[in-house]
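Have a look at the structure below before the remarks.
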Ligand code: UDP
């Protein structure tokens, strides 16, 4: 029997960071049984319910180590969630070190793989004589931007939104400065500095794993490989989502919304969700409600209590009934056509239903991949982080989404929402987008095909590389 290869994987807080890196770990141990993976999980306050119930489903062949939680009161209030995630990891470094030491004392650690927010923890790799890898839970496009960012910062002195020309990253769709990651909007801000520092740090790791697949971003991936020049390994291991996860069959009673969806005609329902923490203002929430009504389409909407900050619910459990913020009479008027879910939905199960014909999405990368894997076209409504970059790729590059245009006061009105929804759900453009999505779905499935799928092969190369390091 081959010698076991021991790996430590370090996540950062937040459902959309924990789930992908744990899913990656699951895929590694499922396809390469001599691998032993320990996932180290830093937390901010108590784990949100979504992460808790997800982690309860993790198979026993993955060891989970929960670090002592960082106290929310010890962090600044009302700041961008990326800052909180980063500070949580920074404050957890002593316990991360302790955990690594304890794992390494039982069996030498061949490699440490850290989420992009946990990059600092890779400084410990030398001490344990381990290799260091980043798990970057986004696309090759966004990764290309991160790697280009230090140069852009040096060369450009104006605000990125004032750049006259779109930025042309090699192998990627051109992007206007205004659509870059939200932290780039304020170049003197704390978040900008933190993110840029991390982007610079990515050049000193042994390899970068990212959540994409060759057929989706072939030219961007080739350009990255050229850029790495053999010094940094690039590993497109995606799509890594809960779709196709070995745990999908372990579901209890069927959720009411799935029963409802099973009774709706094919491709007739729009699924509306803004990820694990996106929020709308009260005014915007009203416009969306009226827009849905006006569109005349069936819908299933994950409603969250409104806030003037678009990322207000990220890292937080909902503690208010969101339904009370809906316009008066909305629930009654739409009860035949609409299904409302407060705060959280079984998203991957919803997207699998034949009746779901469109996804009004904030374009978080996990949601994007899940939509691609189920062949569902998108109404793009990016809110924060790199979501606008994902929207640009979906709309201008892959042509599988239409993006809502915001007015100067950042409110999109009901008529526009209704028009766009109708266009994606039943217009000719929508039909063409659905066809393109269906072929992306095929490519995504091919990438994960046993033995010869491109991402399965990438995973095997990575495993061989790690095993070889283990033998030295
Ligand atoms: N998700 C879910 N139910 C919800 C909202 C989100 O299961 O009601 C999951 C979704 O399937 C995805 C993740 O949470 O896997 C959200 O990640 P994404 O990158 O799309 O957005 P983020 O939460 O980072 O904004």
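Numbering (my numbering), first residue to last: 7 to 478.
Heads up, the beta-carbon is just placed ideally off N, CA and C, and yes, glycines get one too.
Burial state of residue 256 (16 or more Cβ within 10 Å): Position 250 of the chain shown, counting from 1, holds the residue named residue 256. Summary for residue 256: the model assigns pLDDT 43, below 50, so the residue's position carries little reliability; its value from the coordinates is reported in the next sentence. Flag for residue 256 reads exposed.
Could you pull out every unbroken beta strand (DSSP E) segment of at least 3 residues lying fully inside the stretch 261-290, listed in chain order? Those beta strand (DSSP E) runs which fall completely within the stretch 261-290 and span 3+ residues are 275-279.
How would you call residue 121, buried or exposed, if buried means at least 16 neighbouring beta carbons within 10 angstroms? To locate residue 121, count along the chain shown from 1; it is residue 115. Here residue 121 is buried. Its C-beta has 16 or more other C-beta atoms within 10 Å.
Are there three or more Cβ pairs, one per stretch, closer than 8 Å when the stretch 42-51 is compared with the stretch 172-189? The stretch 42-51 is not in contact with the stretch 172-189.
Hey, is residue 25 close to the ligand UDP, as in C-beta under 7 Å from one of its heavy atoms? Reading the chain shown from its first residue, position 19 is the one you call residue 25. Answer for residue 25: yes, Cβ within range of the ligand UDP.
What did DSSP end up calling residue 71 once you bin it into helix, strand or coil? Here the question's residue 71 lines up with position 65 in the chain shown. DSSP places residue 71 in strand when its eight states are reduced to three.
Drop a sphere of 10 angstroms on the beta-carbon of residue 21, count the other beta-carbons inside from all chains shown, and report buried for 16 or more, exposed for fewer. Translated into the one-based positions of the chain shown, residue 21 becomes position 15. So residue 21 ends up on the buried side.
From 259, 233 and 96, pick the residue whose C-alpha is nearest to that of residue 481; which is it? Because residue 481 is not part of the residues shown, which for the chain are 7 to 478, the question remains open.
Which parts of the stretch 198-257 are runs of the alpha helix (DSSP H), unbroken and 4 residues or longer, counting only runs that do not cross its ends? Note on the stretch 198-257: whole alpha helix (DSSP H) runs with a minimum of 4 residues are 224-234, in chain order.
Does DSSP put residue 96 in a helix, in a strand, or in coil? Taking the chain shown and counting its residues from 1, the one referred to as residue 96 is at position 90. It is helical.
Distance check for residue 150 and residue 138, CA to CA, integer angstroms please. Within the chain shown, the letter at position 132 stands for residue 138. Within the chain shown, the letter at position 144 stands for residue 150. Approximately 19 Å between the Cα atoms of the pair.
Could you tell me whether any non-hydrogen atom of the ligand UDP is closer than 7 Å to the CB of residue 354? Position 348 of the chain shown holds residue 354. At least one heavy atom of the ligand UDP is nearer than 7 Å to the Cβ of residue 354, so yes.
With hydrogens ignored, establish whether the beta-carbon of residue 247 is closer than 7 Å to any heavy atom of the ligand UDP. On the chain shown, residue 247 is found 241 positions in, with the first residue counted as 1. In this structure, residue 247 has its CB closer than 7 Å to one or more heavy atoms of the ligand UDP.
Just the C-alpha distance for residue 193 and residue 202, rounded to the nearest angstrom, thanks. The residue labelled residue 193 in the question sits at position 187 within the chain shown. The residue labelled residue 202 in the question sits at position 196 within the chain shown. Computed Cα separation, rounded: 10 Å.
Residue 149 - containing alpha helix (DSSP H), residue span: Residue 149 sits at position 143 when you count from the first residue of the chain shown. Segment 146-161, the alpha helix (DSSP H) holding residue 149.
Any heavy atom of the ligand UDP inside 7 Å of the beta-carbon of residue 376? Mapped onto the chain shown, residue 376 falls at position 370. Answer for residue 376: yes, Cβ within range of the ligand UDP.
Quick one: does the C-beta of residue 283 sit closer than 7 Å to a heavy atom of the ligand UDP? Counted from its first residue, the chain shown places residue 283 at position 277. Yes, the beta carbon of residue 283 sits closer than 7 Å to at least one heavy atom of the ligand UDP.
Answer yes if the stretch 269-279 comes into contact with the stretch 358-378, meaning at least three C-beta pairs across the two stretches below 8 Å, and no otherwise. Yes: at least three Cβ pairs fall under 8 Å.
Taking the C-alpha atoms as reference points, what is the distance between residue 168 and residue 181? Within the chain shown, numbered from 1, the residue matching residue 168 stands at position 162. Within the chain shown, numbered from 1, the residue matching residue 181 stands at position 175. Their backbone Cα atoms lie some 13 Å apart in a straight line.
Would you mind sorting residue 342 into buried or exposed? The rule is 16 or more other CB atoms within 10 Å of its CB. Counted from its first residue, the chain shown places residue 342 at position 336. Under this definition residue 342 is an exposed residue.
Given that a residue counts as buried once 16 or more other Cβ atoms are within 10 Å of its Cβ, and exposed if not, what is residue 185? Within the chain shown, numbered from 1, the residue matching residue 185 stands at position 179. By the neighbour-count rule (16 or more Cβ atoms within 10 Å), residue 185 is buried.
What are the start and end residues of each continuous beta strand (DSSP E) run of 3 or more residues lying completely inside the stretch 371-421, in chain order? Here the runs fully enclosed are 384-386 and 407-409.
Short of 6 Å in beta carbon distance, which residues of its chain neighbour residue 243, apart from the five on each side in sequence? Order them along the chain. Position 237 of the chain shown holds residue 243. The answer, listed in chain order, is 215, 461, 464 and 465.
Sub-8 Å separation of residue 68 and residue 112 beta-carbons: Reading the chain shown from its first residue, position 62 is the one you call residue 68. Reading the chain shown from its first residue, position 106 is the one you call residue 112. Inclusion of residue 68 and residue 112 in the CB contact set at 8 Å is not warranted, their separation being larger than that value.
Output yes or no for whether 8 Å exceeds the beta carbon distance between residue 226 and residue 147. Residue numbering aside, residue 226 sits at position 220 when the chain shown is read from its first letter. Residue numbering aside, residue 147 sits at position 141 when the chain shown is read from its first letter. Contact: yes.
Can you tell me which of the three DSSP states residue 137 falls into? On the chain shown, position 131 is the one that residue 137 refers to. In the three-state DSSP reduction, residue 137 falls in the strand class (E or B).
Minimum length 3: unbroken beta strand (DSSP E) runs contained in the stretch 287-360: Listed in chain order, they are 304-309 and 344-348.
Pick helix, strand or coil for residue 188, following the three-state DSSP scheme. As a position in the chain shown, residue 188 is number 182, starting the count at 1. Note: residue 188 maps to helix in three-state DSSP.
Got a sec? Which residues, its chain only, sit under 6 Å from residue 473 by beta carbon, not counting five neighbours each side? Along the chain shown, one-based indexing puts residue 473 at 467. 11.
So residue 436 is in the alpha helix (DSSP H); what residue range does that whole segment cover? Position 430 of the chain shown, counted from the first residue, corresponds to residue 436. Counting along the chain, the alpha helix (DSSP H) containing residue 436 begins and ends at 434-453.
Quick one: what's got a C-beta closer than 7 Å to residue 196's C-beta in the same chain, skipping five residues either side? Position 190 of the chain shown, counted from the first residue, corresponds to residue 196. These residues qualify, in order along the chain: 89.
Take residue 217 as the anchor and find which of 372, 206 and 389 has the nearest alpha-carbon. Mapped onto the chain shown, residue 217 falls at position 211. The residue with the shortest Cα to Cα distance from residue 217 is 372.
Given the structure, does residue 351 come close to the ligand UDP, in the sense that its CB is under 7 Å from one of the ligand's heavy atoms? For the purposes of this step, residue 351 is taken as the residue at position 345 of the chain shown. With a cutoff of 7 Å, residue 351 counts as near the ligand UDP, since its C-beta is closer than that to a heavy atom of the ligand.
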